[in-house]
Amino acid sequence: MKILPLSGVIVLTIIVISIGFSMFFPHESEQNQVRVVYFANISHAVPIVGIENGYFTEELGDTKINTRIVDSGPEAVEALFANSADLAYVGPAPFVNGYVKSDVNGLKLLSGAAYNGASFVVRNDSDISGPGDLAGKKIAAPLIGNTQDVSLRNYLAKNGLKPAEKGGNVIIYNLANAEINTLFAKGEIDAAWVPEPTATMLVLNLKGKRLFQEQELWPAKRFPSVLLIGRTSYISEHPEVVQKWLTAHNKAIDWINQNPDKTESTYIKFFKEHTGKNLDKNLVHESFSNIVYDSAIDVESIKIFAQRAYSLGYLGRNGYNLDDIYANALEIKSWQN
């Protein structure tokens, strides 16, 4: 597999994503509608449950809800930039990246959604037992700028390692989760830093070894993995819609925490409808056990992700400022509930 220089990959990624959204996310009028993007990952159970249980429809009434499922945070942020989406569920790294690159005016943070739910998994026949064994290895993570990509590259840097495109000897493949699963099965990669349920799929279906869960690397054993964000202009022009969405968002979180078994069944049904594939109940149960659903916003952890993204060159070279990342509290009165 040919490795592009990092700058080349980023440019190519932006071109591909932009073309994709121009084809599949037509520019529509904002009038009486909200367009929302999220992933098919278990960590995105909040929008999945909210849609499947009808909470968003109940709260928004006649407001039309258009949803799209994407593969990564950078894709979701690009949809917001392209005015093809109004709200998005993304990880902290894509959010801060988009916030900084929009000159701190384009995106705002509305709520937390999920914590944890990412693991570093190695092949069963691998000799990897720690960072000292990663030299010369092939490791996969989702799209460049994704939260797991930032975490992986930061982990390498902290342990004195560099990716191949930076003159080091660790080869990083940035791929969709389904492609990571395929390469892992074929033995073409040695390890992967991935979210749920992909992490547990690699462990249970492909006999991978979970070397560690990412929260083990955080002081409080907890890190934000999914945030609810929105376009600043949409939030300002449609505060009542956003407020209703937040109400339903919180209802979904409460229901998930009160009904774990039903939540797992709901996700299995959703995944079958979305992919045509059945998920094993034990796999889904284990995946859910690795995630905490909570609307709280961990400001300090988001700042840490920003520092890491900046050190990797993802936020440019002129510094950054996160002082104004939140939606206007006068417009969204209960954004932090």
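Per our numbering, the very first residue in the sequence shown carries number 8; after that it's consecutive.
Each residue gets a CB set at the ideal place from its N, CA and C atoms; glycine is no exception.
Keep in mind that this is a model prediction, so the values were computed, not measured.
The three-state reading of DSSP puts residue 75 in strand, counting E and B together. Between residue 140 and residue 132, the C-beta spacing is not below 8 Å.
Put simply, the backbone Cα of residue 57 is about 9 Å away from that of residue 64.
The way I'd put it, the segment 264 to 282 doesn't touch the segment 81 to 95; fewer than three beta-carbon pairs between them come closer than 8 Å. Shown here, residue 53 sits in a helix according to DSSP, grouped into three states. Between residue 120 and residue 253, the CB-CB gap reaches or exceeds 8 Å.
Residue 163 sits in a helix when the DSSP states are folded into three classes.
Counting the other Cβ atoms within 10 Å of the Cβ of residue 288 gives fewer than 16, which makes it exposed. Counted as a single uninterrupted DSSP element, the beta strand (DSSP E) harbouring residue 218 occupies residues 216 to 220. When only Cα atoms are considered, residue 298 and residue 114 end up about 26 Å apart. The count of Cβ pairs closer than 8 Å, one atom from the segment 236 to 244 and one from the segment 151 to 171, stays below three, leaving the stretches out of contact.
Rounded to whole angstroms, the gap between the alpha carbons of residue 328 and residue 110 is 9 Å.
Distance from the Cα of residue 195 is smallest, within the candidate group 158, 232, 129, 251, for 129.
The alpha-carbon separation between residue 44 and residue 313 amounts to approximately 22 Å.
The C-alpha of residue 62 lies about 10 Å from the C-alpha of residue 53. Distance from the CA atom of residue 171 to the CA atom of residue 320, rounded to whole angstroms, is 16 Å.
Excluding sequence positions up to five before and after residue 80, its CB lies within less than 6 Å of the CB of 97, 98, 101, 153, all in the same chain and listed in chain order. If you draw a straight line from the Cα of residue 112 to the Cα of residue 247, it is about 20 Å long. By the criterion of a C-beta distance shorter than 6 Å, residue 333 is surrounded in its chain by 116, once the five residues flanking it on both sides are discounted.
Within the segment 172 to 239, the complete alpha helix (DSSP H) runs of at least 4 residues fall at 184 to 193, 205 to 211. The shortest C-alpha to C-alpha distance from residue 326 to any of 123, 55, 103 is the one to 103.
For the 8 Å CB-CB criterion, residue 201 and residue 125 form a contact.
One alpha carbon belongs to residue 255, the other to residue 306, and they sit about 23 Å apart. In the displayed model, residue 119 falls within a strand according to three-state DSSP. In the displayed model, residue 170 falls within a strand according to three-state DSSP.
DSSP, reduced to helix, strand and coil, places residue 148 within a strand of the structure shown. Annotation for residue 215: 128, 129, 130, 131, 191, 209 place their beta carbon closer than 7 Å to its own, counting only its chain and skipping 5 residues before and after. For residue 40, the pairing in a beta bridge is given by DSSP as 71.
Looking from the CA of residue 71, the closest CA among 315, 251, 168, 282 belongs to 251. Here residue 127 is bridged, per DSSP, to 200, 219. A distance below 6 Å between beta-carbons, with the five flanking residues on each side excluded, links residue 55 to the following residues of its chain, in chain order: 277. The C-alpha of residue 193 lies about 27 Å from the C-alpha of residue 76. Under the DSSP definition of a beta bridge, residue 97 partners with 234. Secondary structure note for residue 275: its alpha helix (DSSP H) is the uninterrupted segment 267 to 282.
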